[in-house]
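The structure under discussion appears below in the form of structure tokens.
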Amino acid sequence: MRVLILLTMVLSYHSASAEVFKCIGKDGKTVYQAKSCQTSDKTVQLDIQANEAQEAAAKAKLEALQNEQEAAKAAKLEAERRDAMLKNQTESTNALKQSAIAQQQQVEAEQRQAAALERQTQQNSNRVLIVAPPTALPGMPAPVTTEILR
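For the sequence shown, the positions run -18 to -1, 1 to 132 when mature numbering (1 follows the signal peptide of the UniProt record, and there is no 0) is used.
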């Protein structure tokens, strides 16, 4: 990113030429500036000319970097889209699995309930109640009910 900013700044100055002065102060520090140095400093004027070939190469490099960055951005967006789609499919698949498991459990519970009802019906059909006619005479006990299993 910094390279792109730097190249953009460099390319924004088409065929730039300017006066640059190299000044060496009394303390020995070198300073580059657009104005002439103070009289007490040592002054060297630099002649800087724009190089058309370098400028064209820099423009081409900048364009290539921008295209590469756009391609990388597009690839990243496509990868994010595919990841989101895969996540959605995974969630849908998991929801369908959970639904199928719940339905299977419900079917099994209904089968167990039906089997229990069938056993109960079978047990009830095997029982025969014999009731003695109510012939209770004075001093005799009450009629007896007897259950016989087949």
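Heads up, the beta-carbon is just placed ideally off N, CA and C, and yes, glycines get one too.
Alpha carbon to alpha carbon, how far is residue 133 from residue 77? The structure shown does not extend to residue 133, since the chain is modelled only from -18 to 132, so the question has no answer here.
Looking only at its own chain, which residues have a Cβ that is under 7 Å from the Cβ of residue 15, when we skip the five neighbours before and after it? Counted from its first residue, the sequence shown places residue 15 at position 33. 3, 5.
On a CA-only basis, which of 1, 80, 51 is nearest residue 17? Give me that one, please. Within the sequence shown, residue 17 is the residue found at index 35, counting from 1. Nearest option by C-alpha distance: 1.
Residue 41 - DSSP class collapsed to helix/strand/coil: Along the sequence shown, one-based indexing puts residue 41 at 59. DSSP places residue 41 in helix when its eight states are reduced to three.
Taking just the CA atoms, how far does residue 91 sit from residue 108? Residue numbering aside, residue 108 sits at position 126 when the sequence shown is read from its first letter. Residue numbering aside, residue 91 sits at position 109 when the sequence shown is read from its first letter. Near 26 Å, if we compare the C-alpha coordinates of residue 91 and residue 108.
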